[in-house]
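Below is one structure, written out as structure tokens; comments come after it.
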Amino acid sequence: MLKRNATIAGIMTIALCTSLVNTNVAFATTRTADEGSNFSSDNKSTSPINTEKVDPTTWTADEGTNFDSDKKCTIKNITFIDTAEGNNNTVYVNGNTLGESSEVKLPNSIKVNEKTYNVTSIGKEAFNKCKVLTSITIPDSVTSIEEKAFYGCEELTGIAIPDSVKSIGKFAFFNCIKLASIEIPDGVTSIEEQQFYGSGLKNITIPNSVKSIGKNAFASCGELRSITIPDSVTSIEGSAFSGSGLRSIEIPNNVTSLGGYTFYNCSNLASVKLPDNIKSIEEGTFYSCNGLTSVTIPDKVTSIGEKAFYDCNGLKSLIIPNSVTSIGNDACKGSNINIIKASESTMEKLEIPGFNKVYFYDEDNSKLGAGYVKMWMSVEGLIENPTKTGKDFKQWVNKDDAASKSTFDNVIKETNFKATYEDATVPTATWDHDKKCTINNIKYTDTSAGNNYTVCVSGNSLSEVSEVKLPNAINVDGKEYNVTSVGEKAFYNCNQLTSITIPDGVTSIEGEAFAGCEKLTSIKIPNSVTSIKGRAFDGCNVLTSITIPEGLTSIEGSAFYGCGITSMIIPKNVTSIGRYAFYDCCNLKSITIPSSVTSIEEAAFYRCNGLTSIEIPNSVISIGEKVFYDCNGLKSLTIPNSVTSIGNDACTGSNINIIKASKSTMEKLEIPGFNKVYFYDEDNSKLGAGYVKMWMSVDGLIENPTKNGKTFEGWVNKDDAASKSTFDNVIKETNFKATYSDEVKTNIKDKIKETLDSMSVNNDTTEDYIINKIATSAGITVTISNFNKEKATDDTNGYVEGTVNAEEKDGSEISVCFRKVISKLSSESGNSELEDSIKQTLDNMSVNNNTTKDEIIDTITQVTTGSAVKVTISGFNKEKATEDRNGYIEGTVNAEEKDGSDIVVYFKKIISKLSNNSSNHHKHKSSSSSGSRSTSKETTGNGASVQPTNKEKDLGSMLKTTNDNKVVSTNSWGDKNLRGTVSNVVDKNGDYVGSMITSSESGTAKLPIGYNESKDLKYIYQYDATTKLFIKVSAVVTVDGENIALPVNKDQTYYVTKDPAADNLLLKEGWNTINGSTYRVEGLELKTGWVLENNTWHYMDEISKVRVENNWNLVNNKWYAFNEKGEMKKGWDYNGGNWYFLDTINGDMKTGWKQEGDTWYNLDSNGAMSTGWKKVDGSWYYLNSNGSMASNTEIDGYALGANGALIS
């Protein structure tokens, strides 16, 4: 059988438009050349489509037609070559003459001169660089797809390959940039060289028949996120995934060879599992994999090639197994790998270029460990500090030379380090009459039984912010007691606790142990813990991550109630998730439930709004009441066969409208609030089943079926066509039946063509104007791709061109290519009186920060009364002026004359910068209409401009005392490990004031300054070129004669100076407001993107790095609103004369239907709350003045049903 892709659609590029308006051509599976058609002199035959019904799997050539001398025959723009031998009549597809956007369904056979030939192969370059091919279905007679068969098919979005195909040649889908998915049939044994190079694949599963993956097979597949490689694969050749978008990959253990540069420039690759049996990591394997933070090298690897980890900025350490005998040059160069862990036996035989060997000894000179450290780097992280009974570790010292410059923090040569200790201070106390004691503000209670001396942590008296490290044991009255438990309410409501380390030996964390610890951000739980009791972490709302120990067997009720965790992996020994376990964990976005869990109890995930999907394992038997109550992010659920009961209100308040389940599950399981639905084909064969929430749509529960020669039309009530229980509104258990038509009957394309044909255009015509024109004239929602405009001049015509994209009612896409001529300009204006009037009105209009779109429309309407039928503005955008810079208002005025012709005028008006006494110098709400939300990257949301850098000006302005500084010299510098540039700066008197330093690597920069005054350098600042501001570095400049040394990071610029920077240019850790703009510094880095502060989200502009305030902002295609303090708004918000609803958890603006209790509201496509009559999904509704949907009533003489829809 053919493997079907989802709906296949294509959009033709502008460069290939052959006429003013283009159409898609969908080839049926039966094609016959017209009477009289024959082969041309170049052995190709072309004829119009014949709609006569014939054999659906055979194309028939015209009567009298035969193969030419080259054994070629062309039918319906597809060329075939005769490969018949004896009685085996076969052909393969050799080429094509497709001239317009096409969806091709190839036949199983062709009939030429009454003889039938089976189509067995797609030949070499058959569709090479075919820019109009959008989809293709290959018949099950085909067994091979040859080299470059679909090379460069840039518009190909879908392909159905049958199981009969056993081989696919190299370059077959090279640069198929829109091919997002493909199913490789079982039987294919290899993925050949560059087979999918540069394609648009997003994920792919390789079948078990494949044994090898060729060179560059998936190279430059930038959209490829994941790939599943089967155990059958034994070799992966060089650069197989280079430049791809892979996030993670697991290579099966049967792979024995991995070619060089396999993952070159896979910058998004965060995790990789290498196979156990490879013997080498070849040259450049992980070159520039910046997302990798760790990699495990298998024990059988004997060599690591040159540049294997080159430029891996995310890697900070590496572990080399004993098997490795050689490491190539520059293997770790450009990375942040400063330490390499290895055994002593490895170090005896292996030198690593650029790294020093270090050895660790105890105080008795016994060996503790060894490893490699990059030159000038710290040993930190290479070895754990040793522990000794009765002693506390103090520090590591140079074993052979205490005065050596090679220290723990700065290794400059091979060094031996020795551990030093001091006598341990054992926590001691005396029991009170209740067998309780307090040590270091931590309270303990005796829990001993017999000779087993134990205590539990029973309370605290912490009075200031604390990081607590609990001891393994305490000494009370001369006896040692092991700490085995964190008792009930031990740290209850302890607002001083910020982090805690629990020692090995503790086996239980009791109820409410950390409940209400609102500042707790970090906790380390040892594997010895087997029990976490109810409400243990209740209300720990800034605790974002917890690693659950493997020994845990149950998560008890309310354990993480109201916790701030964002993700969790539940260990494999847990068998139940208790009541309210994750109640109100609003930030929880992902959770992994192991197959050991058999029950999910009442309200376990109540109001976990961040969850968008959850996988319930096939071990779960029962799901309790309200488990997913109010989980707004969940829209569907899949119930495994193991489930036998689901409690009441399990999905109430969530957006779970459909539940997928097998027929066997549905036979035994009722889900309160949901109806069972079953799906049948037109012949009454069963297609599927599932559950649908009362009054909701079935959409998403089943994929629409496909049939050869038919178009799916929709689902109808199988038993009662007049029933009120429909696909879009299920009110009881319902059987649905698929309906089909022989062809899709639609006039959408004709309406688009008519609108385009009648549309007048000029130099001001915009993409938005065309979209709006089609929407108002034809009532069709469209998008435009490949928009291009060439303006007309006095001497030449111009044009507007692009592709209009729309969707048919069956979900398939159509495209209409257009090119409209803009007439050349005459010496006079050539404009209509209305157009001249609009332009003059705009020229004369004064604007300020308070000017709105509606005011501009009103002004134009008043001036042009009697001339224009309607005036609107699209693409409206406003950037407010400040005291430092001008602002502007821009948009496109769209007007319609009485004769129906269109006027389009683009405008941009300057708002003058504000004076100190400007009447506009006050804050006001920004307009919240769709047109006013700016996505411009030239300015930030609150108007802060991003200015180009001028180094000399920056150097002058950063000092407090003078603006006349200048660069007097810029020189390159370098030493063994580092290199960069240094620019020396003097003041107006020629006196040296400092140096600007940029390094190409991270490390300690040692360089000559060339000025005696360099010994007076006191301050180090890191310079941010975007904001032209400075961050103070808490480091020390060391001076040796005229040479200075300072720590530097790669590609950062530092200013080393004798004088402090001006306060209005200096950024400190945390929030900073400078010149009216707010910035956020965390660890010498100016933050961009989202920032969480005191449970409130802020957004730092990605370009200017300024906090967005009192404005809307578009992030990842979602709108968010922020108040004057930069705080993200939530819930209902009145702005610019409209009500909007912002998600109560995530803050993103919502559209469509919204339910609050029993009341429904409708939010339009711009997010504004609707009122009055509104048509939604083909039905009319009435929204009251407060936005609530009317139901079971009569409005304006029209009756509305229980679901609010107009009763026809």
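Using mature numbering (1 follows the signal peptide of the UniProt record, and there is no 0), the letters of the sequence shown correspond one by one to residues -28 to -1, 1 to 1180.
Backbone N, C-alpha and C define an ideal beta-carbon position, used for all residues, glycine too.
As the structure is a computational prediction, the values presented were derived from the model and not from experiment.
May I have the straight-line CA-CA distance separating residue i from residue j, to the nearest angstrom?
i      : j     : result
Y741   : S749  : 12 Å
G130   : V160  : 19 Å
I411   : V437  : 17 Å
S260   : I223  : 19 Å
T1059  : L1039 : Here the sequence assigns Lys to residue 1059, which means Thr is not the residue at that position. Each residue's alpha carbon lies about 12 Å from the other.
L(-13) : F99   : For L(-13), the pLDDT reaches just 28, beneath the cut-off of 50, and the residue's location in the model is therefore unreliable, leaving the point undetermined.
K288   : K77   : 53 Å
D996   : T1045 : 16 Å
N59    : S787  : 45 Å
E490   : N1067 : 10 Å
N816   : N1110 : 30 Å
E574   : S594  : 10 Å
V427   : S433  : 17 Å
V267   : Y233  : 16 Å
I732   : K174  : Before going further, note that residue 732 is Ser rather than Ile in the sequence given. Going from the Cα of S732 to the Cα of K174 covers about 40 Å.
S211   : P111  : 33 Å
S810   : K880  : According to the sequence shown, residue 810 is Ile rather than Ser. Near 13 Å, if we compare the C-alpha coordinates of K880 and I810.
Looking at the secondary structure, which residues open and close the alpha helix (DSSP H) in which residue i lies?
i    : result
I518 : Careful: I518 lies outside any alpha helix (DSSP H) and carries neither H nor E.
Y741 : 739 to 750
M638 : 635 to 640
K321 : 316 to 321
Thinking just about the alpha-carbon of each residue, which of the options is nearest to the one in residue i?
i     : options                 : result
G596  : V615, V345, D653, L606  : V615
D556  : E439, A531, P543, P566  : A531
T775  : D988, E127, A98         : E127
Y416  : Y1071, G459, D826, S139 : G459
S1049 : E855, T1068, V772       : E855
V137  : S471, I50, I163, N60    : I163
G326  : G341, M347, S317        : M347
L70   : S41, L105, A508         : L105
Y991  : I1003, T998, T999       : I1003
S567  : R551, K561, Y552, K544  : K544
P1032 : F235, V1005, I82, Y1051 : V1005
D248  : N1164, I269, F380, N262 : I269
Q812  : T833, G343, K792        : T833
K696  : K272, D1115, N1175      : N1175
D766  : N760, I643, N735        : N735
P134  : D271, S116, G124        : S116
A152  : D476, N769, T177        : T177
7 Å is my cut-off, CB to CB: does residue i come that close to chain C?
i    : result
F332 : Absent from the structure is chain C; it holds one protein chain and no more.
Assuming residue i is part of the beta strand (DSSP E), what are its boundary residues?
i     : result
I149  : No beta strand (DSSP E) holds I149; DSSP gives it neither H nor E.
T727  : T727 -> not in any beta strand (DSSP E); alpha helix (DSSP H) instead, spanning 720 to 730.
K1022 : Counting along the chain, K1022 falls outside any beta strand (DSSP E), and DSSP gives it neither H nor E.
E356  : From DSSP, E356 is part of no beta strand (DSSP E); its letter is neither H nor E.
E394  : 387 to 395
Q367  : 363 to 370
D54   : 50 to 54
H1070 : 1068 to 1072
S132  : Just to set this straight, residue 132 is Ala in the shown sequence, not Ser. 130 to 132 is the span of the beta strand (DSSP E), which, as asked, contains A132.
L434  : Here L434 belongs to no beta strand (DSSP E), and DSSP marks it neither H nor E.
Can residue i be considered in contact with the ligand FAD, in the sense that its beta carbon sits closer than 6 Å to one or more heavy atoms?
i    : result
C466 : As for the ligand FAD, it is missing from this structure, which has no ligand bound.
Name the DSSP bridge partner or partners of residue i?
i     : result
T384  : According to the sequence displayed, residue 384 carries Ile and not Thr. BP columns for I384 are empty, so no partner.
F1094 : N1083, M1100
F879  : G863
At a cut of 8 Å, does the stretch 301 to 319 reach the stretch 276 to 286 through at least three beta carbon pairs?
yes
contact_flag[the stretch 398 to 405, the stretch 367 to 386] where n(CB pairs < 8 Å) is 3 or more:
no
How do the stretch 1131 to 1149 and the stretch 650 to 660 stand: do at least 3 beta-carbon pairs fall below 8 Å, yes or no?
no
Contact between the stretch 523 to 537 and the stretch 501 to 511 (3+ Cβ pairs under 8 Å):
yes
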